[in-house]
Structures are given as C-alpha cells and as structure tokens.
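First residue of the sequence shown: 545, per our numbering; consecutive thereafter.
Glycine residues also receive a C-beta, built at the ideal position from the N, C-alpha and C atoms.
Note that this is a predicted model, so its numbers are computed, not measured.
Shown next, in structure tokens, is the structure this report addresses.
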Amino acid sequence: MFFALLLADVVAVVMLVLSVHMKAALIIGALVFVIIALVMALGHNSRERLKKREAEANAKIAELQEQVDGSQKQG
545 MFFALLLADV
555 VAVVMLVLSV
565 HMKAALIIGA
575 LVFVIIALVM
585 ALGHNSRERL
595 KKREAEANAK
605 IAELQEQVDG
615 SQKQG
C-alpha cells in the first residue's frame, strides 16, 4: 500500500509541476492509487493461494510416500 500511495503522490506532484489543475491532479492521483493498490492486493492473494496449494500438495505427497513405505515393509 505504501508503494501505491507513494507513486500516486509522485504522479500528482508531477502533474502540479506541469500546471495541471489541482482537481484533475487529485482525481488522477486517486485513480493511480486505487488501481495499484488493487493490483498489489490481488497479487498478494494469488501468492497466498499458491503457497496454500503447494503446502497441500506436499502434504499429499508425504502421505502417499508413507503409504508406499508402509506397503513395502509389509511385503
């Protein structure tokens, strides 16, 4: 979130330096912040889901490995 806010502020300051009206700079800065914050939030959620799926897959692999080891000891 900090990065999104920082980038939106930089965009707004650049627009003000270029003599854009304050209202337009505020609206565009807010849009930049919202869009970047959404992209970052969605990216974070997808990474968390990927880690969860990976942990579940590793648990399933370990379970299957135990079954294989158990059947080899009996046989």
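- Contact check for residue 552 and residue 573: beta-carbon distance about 4 Å, within the 8 Å limit, so the pair qualifies.
- Going by beta carbons, residue 569 and residue 560 fall inside the 8 Å limit.
- Distance from the CA of residue 597 to the CA of residue 546, rounded to the nearest whole angstrom, comes to 28 Å.
- With 16 or more neighbouring CB atoms inside 10 Å of its own CB, residue 556 falls in the buried class.
- Residue 545 sits in coil when the DSSP states are folded into three classes, being neither helix nor strand.
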